[in-house]
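> Position 99, counted from 1, in the sequence shown is what full-length UniProt numbering calls 99; the numbers after and before it change by one each time, with no gaps.
Using N, Cα and C, we set each Cβ at its ideal position, and we do this for glycine too.
On a predicted model such as this, the values are computed, not experimentally measured, just so you know.
Mind looking over this structure? Questions follow.
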Amino acid sequence: MEDFDAKWSEFENKCRACNNCGLRAGAQNVVIYRGGRQAPLMIVGEAPGEQEDIKGIPFCGRSGQLLQNLLASYGFGDNDYHICNIAKCRPPQNRRPTPDEIRACKPLLAEQFMMVRPKVILLCGSTAYEGFFGTKPVMRDVRGKFIEKNGYYIMTTYHPAFALRNPKNKMPIYEDMGKVRAKLEEIGALPPLE
Ligand code: URA
C-alpha cells in the first residue's frame with residue numbers, strides 16, 4: 001500500500017507539472033479524480049467546468065450533482081467508483097477539448113487507468129467516447145451497450161449535462177447506470193444490493 005501511495009503521489013505530481021497542451025496555462029487546477037484511487041467502476045467525463053476548475057475536483061457542479069444522485073440511487077459507495085475526465089484542465093469557455101488536447105492528455109489517463117484497475121468503465125458523452133475509441137459516436141446507437149475489451153467492460157452513456165438540458169433525458173442515463181451496477185454484480189466486483 002505504501003508503494004501504491006508513493007506511486008499515486010508521483011502520478012499526481014506528474015499531472016500537475018504537465019504542460020503537454022495549451023490548457024494548463026488558462027486553468028486554475030489540474031483536475032485528477034474523485035472517489036477511490038482503486039475502484040471497480042471508472043467514470044470518464046469530458047473536461048473540468050468552472051466549478052471543477054476552481055475546486056480541483058471532477059464533477060462537483062450541477063452535472064456532478066446529477067451523477068451523484070444516480071450513483072446513490074444504485075447504492076454505490078464513495079470507494080466503488082473513480083471519477084475523472086478525458087482532459088484534466090478546463091478548456092476556455094467550457095468548449096470541448098480538441099483532438100490534440102485529448103491526445104496530449106491520454107498518456108496520463110492511461111497511467112491512471114493502470115493504477116485504478118477498474119472492471120467496468122462508463123464513458124459519459126461523445127467526447128469521452130471519442131477519447132477512448134478515436135471515432136465520433138452516434139450516441140443513440142452506442143449508448144447502453146457493453147463492449148468487452150481485454151477483460152473489462154466499457155459502456156457509453158449520455159453526459160449528465162444532457163439530462164440537465166431536458167429532464168426526459170435522465171431516463172436513459174439512469175437505465176445505463178442500472179446496467180453498470182448489474183454488470184459489476186454479475187462479475188463479482190460489487191455485492192448484490194439488498
Ligand atoms: N463535465 C465533465 O465532463 N466533467 C466534469 O468534471 C464536470 C462537468
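From which residue to which residue does the alpha helix (DSSP H) around residue 142 run?
Start and end: 139-142.
> Does the Cβ-Cβ distance between residue 120 and residue 66 come in under 8 Å?
Contact flag unset, no.
> For residue 132, is the beta carbon positioned less than 7 Å from some heavy atom of ligand 1?
Because no heavy atom of ligand 1 lies under 7 Å away, the Cβ of residue 132 does not count as near it: no.
> Skipping 5 residues on each side, what residues in its chain have a beta carbon closer than 6 Å to that of residue 34?
Taken in chain order, the residues that qualify are 57, 58, 83.
> Runs of 4 residues minimum, wholly inside the region 34-120: which ones carry the alpha helix (DSSP H) assignment?
Those alpha helix (DSSP H) runs which fall completely within the region 34-120 and span 4+ residues are 50-55, 62-73, 99-116.
> Do the CB positions of residue 47 and residue 86 come within less than 8 Å of each other?
Contact: yes.
> What residue from 181, 193, 186 has the CA that sits closest to residue 81's CA?
Residue 81 has its Cα closest to that of 181, out of 181, 193, 186.
> For residue 4, which residues does DSSP report across the bridge?
Partner(s): none; residue 4 has no beta bridge.
> Are there 16 or more other CB atoms within 10 angstroms of the CB of residue 62, so buried, or fewer, so exposed?
It is exposed - the Cβ of residue 62 has fewer than 16 other Cβ atoms within 10 Å.
> Using only CA atoms, which one of 135, 164, 123, 72 lies nearest to residue 144?
Minimum Cα distance to residue 144 is reached at 123.
> Taking DSSP as the reference, what is the three-state secondary structure of residue 199?
With the chain running from 1 to 194 in the structure shown, residue 199 is simply not present.
> If you compare alpha carbons, which of 97, 153, 158 is closest to residue 186?
Checked all of 97, 153, 158; the closest Cα to residue 186 is 153.
> Taking buried to mean at least 16 other C-beta atoms within 10 Å of its own C-beta, is residue 49 buried or exposed?
The residue is buried, with at least 16 neighbouring Cβ atoms inside 10 Å.
> Three-state secondary structure (DSSP) at residue 158?
Reduced to three states, the DSSP call for residue 158 is coil.
> Residue 149 bridges to which residues according to DSSP?
152.
> Any residue with its C-beta under 7 Å from a non-hydrogen atom of ligand 1 counts. Can you list them all in chain order?
Going by the Cβ distance cut-off, the answer is 31, 45, 46, 47, 48, 49, 52, 58, 59, 61, 63, 64, 85, 124, 125, 159, 161.
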